[in-house]
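Each residue of the sequence shown is one higher than the one before, starting from 1 at the first, in UniProt numbering.
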Amino acid sequence: MSSNKKAAPVGVFDSGVGGLTVTREIMRQLPDENMVYFGDTARVPYGSKSKDNIIRYSRQIIRFLQTKNVKAIVIACNTASALALDVVKEETDIPIMGVIVPGAAAAVRATRNKKIGVIGTEATIRSQMYSKVMKEMLPGVEVIGKPCPLFVPIVEEGFAKHKIAEEVIDYYLASMKETDIDTMILGCTHYPLLRSRIMKYLGDGIQLVNPAYETAMELKKLLRKMDLLNEGQSSAEESGQVCANGSYEFYVSDTADKFKQFANSILPYDIRTTQRINIEEY
């Protein structure tokens, strides 16, 4: 594989800022990889949208990322992973992966009593994709799903550390707390930004699984398998932002300044620019 192909960026996309939790782990675990991130901030949240719309959005974003010559794409959105991944994988020769299988695998390894909870958007829970995948991995597993639609706007609007977050966590998770689950998947990439408060509410008896780390490690395996892993960073493009060894570009469909401020609060490196694009053109 040519060094130019290996140095091509990985595309990452999400409905908004939640996918930055996956981006953060890719930065940490694959520091030589270049990345192009797209946050669909104009159309967030995805969890209340129809399957047809989620597929349409995903196709548009993938077409945009292809203009950046990405070598692989990570759908860092549980809703799009559940509803669109199987469709879009068949439509492009670029390797595409989601976050559900890595998260499900981590939960299956973690559980001791085969009782696993999943919290996510309405669309993710309704799809039962986590349940389907885990039952294939671990026959006899019991999966309890709970949609928590207000978690996304709480994170997007910067209220993750506000008292309102505690009240909404109690509202959604009181019933989950009464079950016998010993493991719970944070089945939306926004939810790890509420992790400490959720952990405090549920107590030490329930282990939380954040699919972001597992996704980064699965991406590493995929790139190595396809001889696309960038283990020696070449010169970064001028348009990118050099952080550690990788070069990163960030694009959104709305409110670029707000996104950049949020990103700089959670990523290990500050980003200097975020560009707004009209995703409907793709």
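C-beta: ideal position from N, C-alpha, C; glycine also.
Buried versus exposed, by CB contacts within 10 Å (16 or more), residue i
i: residue 174; result: exposed
i: residue 196; result: exposed
i: residue 156; result: buried
i: residue 171; result: exposed
i: residue 58; result: buried
i: residue 265; result: exposed
i: residue 281; result: exposed
i: residue 24; result: buried
i: residue 205; result: exposed
i: residue 9; result: buried
i: residue 203; result: exposed
i: residue 33; result: buried
i: residue 134; result: buried
i: residue 275; result: exposed
i: residue 40; result: buried
i: residue 113; result: exposed
i: residue 6; result: buried
i: residue 60; result: buried
i: residue 79; result: buried
i: residue 226; result: exposed
Three-state secondary structure assigned by DSSP to residue i
i: residue 28; result: helix
i: residue 226; result: coil
i: residue 282; result: coil
i: residue 265; result: helix
i: residue 11; result: strand
i: residue 38; result: strand
i: residue 272; result: coil
i: residue 142; result: strand
i: residue 114; result: coil
i: residue 286; result: Look at the range of the chain in this structure, 1 to 282, and you will see that residue 286 is not part of it.
i: residue 131; result: helix
i: residue 159; result: coil
i: residue 81; result: helix
i: residue 44; result: coil
i: residue 23; result: helix
i: residue 257; result: helix
i: residue 154; result: helix
i: residue 204; result: coil
i: residue 218; result: helix
i: residue 277; result: coil
i: residue 180; result: coil
i: residue 136; result: helix
Per DSSP, cross-strand counterpart(s) of residue i
i: residue 147; result: 120
i: residue 108; result: Per DSSP, none; premise fails for residue 108.
i: residue 73; result: 11, 96
First and last residue of the uninterrupted alpha helix (DSSP H) at residue i
i: residue 61; result: 51-66
i: residue 249; result: Unbroken run through residue 249 is the beta strand (DSSP E), 246-252; no alpha helix (DSSP H).
i: residue 183; result: That residue, residue 183, is in no alpha helix (DSSP H); its beta strand (DSSP E) goes 183-186.
i: residue 163; result: 163-177
i: residue 191; result: Residue 191 -> no alpha helix (DSSP H), and no H or E assigned at all.
Range of the contiguous beta strand (DSSP E) that encloses residue i
i: residue 208; result: 207-209
With three or more beta-carbon pairs closer than 8 Å as the criterion, would you say the segment 7-21 touches the segment 43-53? In this structure the segment 7-21 lies against the segment 43-53, because at least three pairs of beta carbons, one per stretch, are closer than 8 Å.
Touching or not, the segment 175-193 and the segment 114-127, by the rule of three or more beta carbon pairs under 8 Å? By the Cβ criterion, the segment 175-193 is in contact with the segment 114-127, since at least three pairs of Cβ atoms, one from each stretch, lie closer than 8 Å.
Are the segment 192-212 and the segment 103-115 touching, with three or more C-beta to C-beta distances below 8 Å? With the cut-off at 8 Å, the segment 192-212 and the segment 103-115 touch.
Quick check: the segment 109-119 against the segment 139-152, are there 3 or more CB pairs under 8 Å? Segments in contact, yes.
contact_flag[the segment 23-37, the segment 217-224] where n(CB pairs < 8 Å) is 3 or more: Yes: the two stretches touch, three or more of their Cβ pairs being nearer than 8 Å.
Per the contact definition of three or more C-beta pairs closer than 8 Å, is the segment 247-258 in contact with the segment 136-144? Contact fails between the segment 136-144 and the segment 247-258, because fewer than three Cβ pairs, one in each stretch, are under 8 Å apart.
Counting Cβ pairs, one atom from each stretch, are 3 or more of them under 8 Å apart for the segment 158-165 and the segment 78-89? Touching, no, given that fewer than three Cβ pairs across the two stretches are closer than 8 Å.
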